[in-house]
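Notes for the one structure printed next.
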């Protein structure tokens, strides 16, 4: 009987288990081991082995094949012996994947005696075969039974594929020109299995002809062909389609030769628009082929895909998740990196994505150590993953070129269809009226992970462990229909990837012929509603997503700490480039306000609901992936760096400044509902807290932003809620944390944010002693990857301890600040007196930015000066360095010009004369409102597409508001509110 154990359900509490997993258990407990007789009439193998236990696996495969095969079918084969050999080799690999970990465990139970490890291996494999696996099958009965059952199902599927093909030879000859007398050479079926071991198969005949057999309805392919033929009468150029033979629950399509030399991104853009309009999903690189006639979809079962089935609260009709799911990005045609939360690699599965030698599956695979011996070990294969983004100008140009071509094709097709939507709708309703489509509840790789876990040694011998691991399927569907999860469990236990279907005009979700769930509206209704509401504004939204998907592959400017001189300028030269930078001489407050209004409107008009209306509103934009190594289109979370609270803060400021009702409404929604989450301690609070403690990536940023917004607009309740929530977040402030001094993810910035929002707060002496120890440990480590910068490096330590000393002064804090300053001056300052990012970083290893460079260090040294630890010369030194190096002109806060201005303005409170010339030069040129406006209105990079605060429109909006009204002190760089 399955019970709650944290080791099996680390994501769940007992209450979650009782609510979501317990209802599955009675059914799962009834899933029995498939009875499996001992092997019979199968000779042992003594052939050369190409992988461990190859011969035993061959024996298992041959047994499954001979149980099912009918010799009468041999008449349809060109060479039955060769055919059987190829199929059994494939099946032996399946047996290997199911049983290898059990073999590796079982062999170690043999006494070593005087034999070598190789001799033990030979003895063991021989015993397996001569005893017909009796002892092994008894010990690992669950894995043994499931493996043999799957193999028999797969053998039966191959047999049926041949028989069904023979039934339709006349039609195949007529439509596909394959002679009815041509015999079968091979049936290749290496893909996912569904519905009792069936899978798509490529059938090759004796003259080299090929046909694709699909053991499910091909009504989607047939409907698409008919649909394309209809719309080809009113679009140009025409689009290609497949020849299809529909036979009810199965069918055939022509085999299309791929020709990647015919890559045409403009045509891919047209197809992307079509798939967007048809609510398609899963149109990844293996479901579309480049052909002589253009990109051709070959798997059409995922058109008109319904939204994910959820129970309970209805999803908002304006949900950001729904908008993204039904967008062009949701089709799978654009670049889309599939990866893990841990960031251990990614592979671009999008049809127009780039897959090269750096493309590595993010999901761990097995590696065999000491194979062909009793010391055999099955371990997770180590992967050397490179998730770094590209700084190569040629690659960047290549990406933008592909992107522009796809946008061109998408836009052209959209504008062809939009004026004649009624024809498009009618063509689809006619062609797809009787079609059955696939409903994908969970991604295939998640099912594959469960199947792989189930084939481990322990679940292969212990039924309770196997059932427990299978029950984890429910974690993937905590908000979904229990009946659907039960069907998933049953199909997975059978060795298949779960498969569900739904009719174009229906709402029933089927597993085979059994109704397992329902969707709220039919695929037809969703499609018609989308088309009827389609406007040219949708074209802008979708093309922005296309660009965002492509630029996600490109690094941020200065991400590697090296200045790109094309994007940087020397302050003292910039005054001569005033006109070149598109600023104007007759600038006034009116134009300033108009630009602020443009930014405010751009952000507030694109706001969407979260999944449910009671949650704070949000946006679709770039979100961090792989631990911050890169970006992908997504729904903005609660983080300060690029999440929803940053735009909300900027809208609060602009809304009050310009009396902008829409901005105020959007901002109030986010902060009011965020307050309620903390006040009510609702279920959502736990989800929010999962984002961590970091100032810019975690909950701390939300609390500071809530306080800052409340302070600016005069909402005392928001300020109180934020201040009262800190103890909840800081319960484990003393827990070990190797990221403590990281401003983005660590606790140091969280503590400073609490200082800014709670005047009485002080860090416990014991905790502070521990923090000091961590600091010296970091300073004494010989880590060449540690930067001098403010967000991730020693500048962070300097800044943190200087600020702490302002609140709770001690000699230890003074000493550590002095030691950090000495370290930076001695180890990071080059011969020209410039502080570099890395020790011995080489040429151009300098930066002007807030995150990694001199602007951030200026803030840190200024806090040390204000704390009476370091002299004013330390601040003046950094200001002087900023004069001497190129500074970024990319108008973002984090690693751009806006952050530099922000730092200089902050320091100008005490050093007005020393900073005035730099500020004037930047504020009248590439930090002027006109330049900022031009960049965000016309730019092609990620920042103009992002509503975010630190690297997007919200940061520009906040900066513009503060430049109009310098009394505004709200700042995410200094945590001023």
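In this note's numbering, the protein residues as written are 577 to 1553. Note that CB positions come from ideal geometry on N, CA and C, so glycine has one too. Because the structure is a prediction, the values reported are computed rather than measured.
For residue i, the residue or residues it bridges with in DSSP
i            : result
residue 865  : 872
residue 531  : Because the chain is modelled from 577 through 1553, residue 531 falls outside the range shown and cannot be assessed.
residue 1287 : In DSSP, residue 1287 forms no bridge with anything.
residue 924  : 913
residue 1086 : 1077, 1091
residue 764  : 778
residue 953  : 945
residue 653  : 760
residue 787  : 779, 830
residue 1111 : The partner list for residue 1111 (beta bridge, DSSP) is empty, contrary to what the question assumes.
residue 528  : Absent from the model: residue 528. The displayed extent of the chain is 577 to 1553, so no value can be given.
residue 1014 : 1077
residue 1405 : 1411
residue 1358 : Looking at the DSSP assignment, residue 1358 forms no beta bridge with any residue, so it has no partner.
Exposed unless 16 or more other CB atoms sit within 10 angstroms - verdict on residue i
i            : result
residue 579  : exposed
residue 855  : buried
residue 1281 : buried
residue 1123 : buried
residue 1012 : buried
residue 1062 : buried
residue 956  : exposed
residue 1137 : Bear in mind that the predicted position of residue 1137 carries a pLDDT of just 36, short of 50, making it too unreliable to give a figure here.
residue 1030 : buried
residue 1554 : Absent from the structure is residue 1554, since the part of the chain shown begins at 577 and ends at 1553.
residue 739  : exposed
residue 889  : exposed
Residue i versus residue j - alpha carbon distance
i            : j            : result
residue 826  : residue 794  : 6 Å
residue 860  : residue 910  : 8 Å
residue 1503 : residue 1422 : 21 Å
residue 1534 : residue 1176 : 10 Å
residue 1306 : residue 1256 : 19 Å
residue 1148 : residue 1459 : Note that residue 1148 scores 45 on pLDDT, short of 50, meaning its location in the model is unreliable; the coordinates nonetheless yield the value given after this. Going by the C-alpha atoms only, they are around 8 Å apart.
residue 1058 : residue 1091 : 13 Å
residue 1001 : residue 1080 : 13 Å
residue 1128 : residue 1318 : 24 Å
residue 1524 : residue 1416 : 34 Å
residue 1360 : residue 678  : 44 Å
residue 870  : residue 813  : 11 Å
residue 1206 : residue 968  : 15 Å
residue 1288 : residue 1553 : 7 Å
residue 1054 : residue 1321 : 28 Å
residue 754  : residue 817  : 19 Å
residue 800  : residue 1018 : 24 Å
residue 1353 : residue 1346 : 11 Å
residue 1083 : residue 1024 : 27 Å
residue 1275 : residue 1331 : 15 Å
residue 598  : residue 1051 : 11 Å
residue 1437 : residue 1444 : 11 Å
residue 1185 : residue 809  : 39 Å
Nearest residue (CA-CA) to residue i, options the options
i            : options                : result
residue 1325 : 1550, 796, 1303, 721   : 1550
residue 980  : 1099, 845, 909         : 845
residue 952  : 603, 694, 1236         : 694
residue 1077 : 1131, 1010, 1117       : 1010
residue 757  : 709, 652, 811, 813     : 652
residue 835  : 586, 872, 1431, 1362   : 872
residue 1474 : 1487, 1166, 1529       : 1529
residue 1171 : 1230, 601, 1330        : 1230
residue 1294 : 1308, 1278, 1304, 1309 : 1278
residue 992  : 1020, 849, 761, 1508   : 849
Short CB-CB distance (under 8 Å) between residue i and chain C
i            : result
residue 1330 : Absence of chain C from the displayed structure is noted, only one protein chain being present.
Legend entry - Segments of 3+ residues assigned as beta strand (DSSP E) that fall wholly inside the stretch 609 to 633: none
Legend entry - Ranges of the beta strand (DSSP E) found wholly within the stretch 1192 to 1260, counting only runs of at least 3: 1196 to 1200, 1207 to 1211
Legend entry - Inside the stretch 794 to 873 only - alpha helix (DSSP H) runs reaching at least 4 residues: 795 to 807, 841 to 853
Inset, instruction - Please go through the stretch 1423 to 1474 and give each complete alpha helix (DSSP H) segment of 4 or more residues, from N-terminal end onward. - result: 1430 to 1442, 1448 to 1460
Inset, instruction - Quick one: which unbroken beta strand (DSSP E) runs of 3-plus residues sit fully inside the stretch 685 to 772? Chain order, please. - result: 760 to 764
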